[in-house]
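*Asks:* Here it is: the structure, laid out below.
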RNA sequence: GGUCGCAUAGCUCAGUUGGUAGAGCACCGCGUUCACAUCGCGGUUGUCACAGGUUCGAGUCCUGUUGCGACCACCA
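Numbering (the numbering used here), first residue to last: 35 to 802.
Next comes the structure, spelled out in structure tokens:
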């Protein structure tokens, strides 16, 4: 094969996509090889667009997969896409509304159909972007969390957990999003600190002319009050315990109770107890056997028979304002103070989250967490960096029941059927539920299916085993489970990692992955978190367009120092591009010198400099290998840089110009070819392109560096001698530059170098 | 309030078992006869946040302080 002349300039656009297409078929697992090495790709949202955080996580995973694939492993990088319940439904309904479609006029099934249509049309954008980045993914194995097989596995898991008593339905306080009109889990809340007002409201004591003042930031919930609580040791209020107060604008009176929860220092020392709208009040109410009265409906409007007419149906924020005005006018406001407090917001909707008393489905996470804690404590699952173990364990040990039902349409519909008298049948399909109902004498025609769907993370939690075929015992499941490593960001540890561990242990009786590599968060060059509102978002697509995918990958790997956020600017990528240009030019030079790259036979290395280079190469290969296995991509890329620049170009190639012979050229070609193999996982496009252009052979994807092709014939003393020579060379140059070129120091050093025995001395005469 | 992390050159950061403080960028000087100016050669730049301690020896280990950050919890 005649190698084409390389272009004078490195232009990644000329070949990156072409290389990707021509090598795609090599990305598949190969079970004639072994051992298995598996990475679960965290499935991006179907609505996702590649952001720079994605670029980082996929780059790291691709480096690992390419490295282990080169090393002869049977690699599976399991791809897929997540249906992303709330996020997707939001995106699609917004688009439909923009098209003038009235969402409310659609039936549930019609809306679901619309979302599927949207998914088919726009759901693969991110896959194209992953290809641009060079992800070596076996695409045809991709799974979707709502494909038929996945859905039936989800149903099976739900039914199993229900029958084991680990899923239950209950009326509890949950985080309610009044905009999306669904419950959300604790994790889907963002607490924001805000300055608010603490109002002191006067409640009249029954059969007395006296008042007590309660302090609250939520006056509108007063119609749901069931008591006023004071601390039992509070001398100011002790005489009030057992008396009753009247709630303004109603004819209800409520008792004054004593409870240790009350903080004497805070507010007025009198706490209004509203069990239906506050988690702590709910607990107090339960301790004292008090009812919970809901006064806010699911849309966030005041709605209850206890709410006075002037507020009925009013949105709660407006109701608060009206009420405060009225209380002020009526002299019932004893004062107010500004306080800073944290307010919960829904991270999807951005609205204030209300604790609301509703019927929901819960998972008994506490029980599932037991084993999930043990496997991490025991070290069966390791975290990199290790500090994340604490985060994981801390959360797991304090885990609360997980509310998994969502009042939206896009997701896995909960397989529960209700009879008119409130019996619940949880079965894998309607027919089984109907048969069970009939055993109780309930006609199947009276059964109504639960309309709630499951939290997206419920299905994501099953990703490690359902993608491989569970509940069937497929060969893939046997071969690739447990997986090797999970690569993810720390923000996903609770959402996903913890839940995968719980579900996998429960259903597979085996850990889902051995390692968890927690990568950094990417910030802008000023260290600010990237966000659309700040306008500081760096689009990886733009970076790849300007500098090439290889440059972006190399940059991200280079900056992946464990435990440290990445401050990314365009300049970093530019520097990487410059380095890749250096590789390109080195290749051009070797090509120009007529260096041969393709010879496969083993070579005996002769000469000190050649042996030195080969020894450096061996060390380099071993170091990078260790770096990748230790997840130290920062070390690996630094080593790649310094080997190519300092060792290969600045010394070896420079001496080659003075000392050109067939041996040297042969070694240069082999070493450069080996360098390309070692660097390939990090910068796959340029290395594969050069390998082809220089006639090194087939793609580097399946063949890693080979240790035994070059055999050194000299001792480590020889290596040390050349190291010393290099250092002296530097000293001599330095002495010359420092303006004392005629000085003794430079002359002495030069003489020493020129008189160096053997080839080194000859080389020296050409350099200094 | 609890937990964790960070602090090293003007900037961004390395510093792998405790052993003479490093790289890139920026800056300065020199250099385009046979890869590369997207480059090469050379140079300047430090109270390693502060205070103690352990040690023959501390950027590194221990204790405390300050500053910054993240996460969790709570908030009338």
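Note that beta-carbon positions come from the ideal geometry of N, C-alpha and C, so glycine has one too.
Could you give the first and the last residue of the continuous beta strand (DSSP E) run that contains residue 231?
*Replies:* Working through the first chain from its first residue, we reach residue 231 at position 197. Here the beta strand (DSSP E) through residue 231 covers 223-239.
*Asks:* Let me confirm a value: residue 474 is counted as buried when at least 16 other C-beta atoms fall within 10 Å, else exposed. Which label applies?
*Replies:* Residue numbering aside, residue 474 sits at position 440 when the first chain is read from its first letter. Looking at its Cβ environment, which holds fewer than 16 other Cβ atoms inside 10 Å, residue 474 is exposed.
*Asks:* Report the residue from 506, 677, 408 and 532 whose alpha carbon sits nearest the alpha carbon of residue 399.
*Replies:* Counting from one through the first chain, the residue named residue 399 turns up at place 365. Among 506, 677, 408 and 532, the Cα nearest to that of residue 399 is on 532.
*Asks:* Tell whether a beta-carbon distance below 8 Å holds between residue 191 and residue 496.
*Replies:* On the first chain, residue 191 is found 157 positions in, with the first residue counted as 1. On the first chain, residue 496 is found 462 positions in, with the first residue counted as 1. Yes, these two residues count as a Cβ contact at 8 Å.
*Asks:* Is residue 394 helix, strand or coil by DSSP?
*Replies:* Residue numbering aside, residue 394 sits at position 360 when the first chain is read from its first letter. Here residue 394 sits in strand by DSSP.
*Asks:* Can you tell me which of the three DSSP states residue 72 falls into?
*Replies:* Within the first chain, residue 72 is the residue found at index 38, counting from 1. Residue state, collapsed to three classes: strand.
*Asks:* Quick check on residue 480: does DSSP put it in helix, strand or coil?
*Replies:* Numbered from 1 along the first chain, position 446 holds the residue referred to as residue 480. It is helical.
*Asks:* For residue 359, does the three-state DSSP call read helix, strand or coil?
*Replies:* Along the first chain, one-based indexing puts residue 359 at 325. DSSP places residue 359 in helix when its eight states are reduced to three.
*Asks:* If you run the structure through DSSP and keep just helix, strand and coil, what is residue 426?
*Replies:* Stepping through the first chain from its first residue, residue 426 is reached at position 392. In this structure, residue 426 counts as helix in the three-state DSSP scheme.
*Asks:* Is it buried or exposed for residue 334, if we count other Cβ within 10 angstroms and need 16 for buried?
*Replies:* Counting from 1 along the first chain, the entry for residue 334 is found at position 300. Under this definition residue 334 is a buried residue.
*Asks:* Quick test of your reading: residue 98 and residue 662, contact by CB under 8 Å. State the CB separation rounded to the nearest angstrom.
*Replies:* Looking up residue 98 in the first chain gives position 64. Looking up residue 662 in the first chain gives position 628. The pair is a contact, with the Cβ atoms about 7 Å apart (cut-off 8 Å).
*Asks:* Would you say residue 305 touches the ligand HEM, meaning its beta carbon is less than 7 Å from a heavy atom?
*Replies:* Within the structure as shown, the ligand HEM is missing, as the structure has no ligands at all.
*Asks:* Tell me which residue opens and which closes the beta strand (DSSP E) that residue 788 is part of.
*Replies:* Position 754 of the first chain, counted from the start, is the residue given in the question as residue 788. That residue, residue 788, is in no beta strand (DSSP E); its alpha helix (DSSP H) goes 778-788.
*Asks:* Where residue 227 and residue 386 are concerned, what is the direct C-alpha to C-alpha distance, given to the nearest angstrom?
*Replies:* The residue you call residue 227 lines up with position 193 of the first chain. The residue you call residue 386 lines up with position 352 of the first chain. Straight-line Cα distance between these residues: approximately 12 Å.
*Asks:* Checking the sheet assignment: what are the DSSP bridge partners for residue 306?
*Replies:* Your numbering for residue 306 matches position 272 in the first chain. Beta-bridge pairing links residue 306 to 262.
*Asks:* Excluding the five sequence neighbours on either side, which residues of its own chain have a C-beta within less than 7 Å of the C-beta of residue 468, listed in chain order?
*Replies:* Position 434 of the first chain holds residue 468. For residue 468, where only same-chain residues beyond five positions count, the Cβ hits under 7 Å are 478 and 481.
*Asks:* I need the boundaries of the beta strand (DSSP E) containing residue 48, first residue and last residue.
*Replies:* Reading the first chain from its first residue, position 14 is the one you call residue 48. First-last for residue 48: undefined, no H or E at that position.
*Asks:* Where does residue 169 sit, in a helix, a strand or coil, going by DSSP?
*Replies:* For the purposes of this step, residue 169 is identified with residue 135 of the first chain, where counting begins at 1. In this structure, residue 169 counts as coil in the three-state DSSP scheme.
*Asks:* Answer with buried or exposed for residue 295, where buried requires no fewer than 16 other C-beta atoms within 10 angstroms of its C-beta.
*Replies:* Taking the first chain and counting its residues from 1, one reaches residue 295 at position 261. Under this definition residue 295 is an exposed residue.
*Asks:* If you compare alpha carbons, which of 45, 57 and 47 is closest to residue 726?
*Replies:* Numbered from 1 along the first chain, position 692 holds the residue referred to as residue 726. Residue 57 is the option with its Cα nearest to residue 726.
*Asks:* Give me whichever residues DSSP pairs with residue 522 in a beta bridge.
*Replies:* As a first step, residue 522 is located in the first chain; it is residue number 488 there, counting from the start. Per DSSP, 552.
*Asks:* Mind reading off the beta-carbon distance from residue 734 to residue 710? Whole number of angstroms is fine, and I expect it under 8 Å.
*Replies:* Counting from one through the first chain, the residue named residue 734 turns up at place 700. Counting from one through the first chain, the residue named residue 710 turns up at place 676. Going by Cβ atoms, the distance from residue 734 to residue 710 rounds to 6 Å, so yes, they are a contact pair.
*Asks:* Measuring only the C-alpha atoms, how far is residue 538 from residue 435?
*Replies:* For the purposes of this step, residue 538 is identified with residue 504 of the first chain, where counting begins at 1. For the purposes of this step, residue 435 is identified with residue 401 of the first chain, where counting begins at 1. So the two alpha carbons sit approximately 18 Å from each other.
*Asks:* Excluding the 5 residues preceding and the 5 following residue 493 in the sequence, name in chain order all residues of the same chain whose CB lies nearer than 7 Å to its CB.
*Replies:* Residue numbering aside, residue 493 sits at position 459 when the first chain is read from its first letter. Taken in chain order, the residues that qualify are 179, 184, 188 and 446.
*Asks:* Go through its chain and collect everything with a Cβ distance to residue 316's Cβ below 7 Å, but skip five positions before and after it.
*Replies:* Here residue 316 corresponds to residue number 282 of the first chain, with the count starting at 1. Counting only Cβ-Cβ distances below 7 Å, and skipping sequence neighbours, we find 207, 309 and 326.
*Asks:* Give the straight-line distance between the Cα atoms of residue 616 and residue 679, rounded to the nearest whole angstrom.
*Replies:* Here residue 616 refers to the residue found at position 582 of the first chain. Here residue 679 refers to the residue found at position 645 of the first chain. For residue 616 and residue 679, the distance between alpha carbons rounds to 8 Å.
*Asks:* Going straight from the alpha carbon of residue 738 to that of residue 423, what length do you get?
*Replies:* Residue 738 sits at position 704 when you count from the first residue of the first chain. Residue 423 sits at position 389 when you count from the first residue of the first chain. Computed Cα separation, rounded: 34 Å.
*Asks:* Once DSSP output is grouped into helix, strand and coil, what is the label at residue 703?
*Replies:* Position 669 of the first chain, counted from the start, is the residue given in the question as residue 703. Correct three-state label for residue 703: helix.
*Asks:* Quick check: the stretch 166-179 against the stretch 110-120, are there 3 or more CB pairs under 8 Å?
*Replies:* Taking 8 Å as the limit for Cβ pairs, the verdict is that the stretch 110-120 does touch the stretch 166-179.
*Asks:* What are the residues that DSSP puts in a beta bridge with residue 290?
*Replies:* By 1-based counting over the first chain, the position of residue 290 is 256. Paired residues: 262.
*Asks:* Could you tell me if residue 512 is buried or exposed, where buried requires 16 or more neighbouring beta carbons within 10 angstroms of its beta carbon?
*Replies:* Counting from 1 along the first chain, the entry for residue 512 is found at position 478. Residue 512 is exposed by the Cβ-count criterion.
*Asks:* Let me confirm a value: residue 708 is counted as buried when at least 16 other C-beta atoms fall within 10 Å, else exposed. Which label applies?
*Replies:* Within the first chain, the letter at position 674 stands for residue 708. With 16 or more other Cβ atoms within 10 Å, it is buried.
*Asks:* Within this structure, are the beta carbons of residue 396 and residue 438 separated by less than 8 Å?
*Replies:* Numbered from its first residue, the first chain carries residue 396 at position 362. Numbered from its first residue, the first chain carries residue 438 at position 404. In this structure, residue 438 lies closer than 8 Å to residue 396 by Cβ.
*Asks:* For my contact list, residue 687 and residue 623 are in at a C-beta cut-off of 8 Å; report their separation, rounded to the angstrom.
*Replies:* For the purposes of this step, residue 687 is taken as the residue at position 653 of the first chain. For the purposes of this step, residue 623 is taken as the residue at position 589 of the first chain. Right, their Cβ atoms sit about 7 Å apart.
*Asks:* Whose C-beta lies closer than 6 Å to the C-beta of residue 530 among residues of the same chain, with five residues either side of it excluded?
*Replies:* Residue numbering aside, residue 530 sits at position 496 when the first chain is read from its first letter. Once the five neighbours on either side are set aside, the close Cβ partners of residue 530 are 494.
*Asks:* Whole angstroms are fine: how far does the CA of residue 47 sit from the CA of residue 211?
*Replies:* Numbered from its first residue, the first chain carries residue 211 at position 177. Numbered from its first residue, the first chain carries residue 47 at position 13. Spanning the two alpha carbons is a distance of roughly 46 Å.
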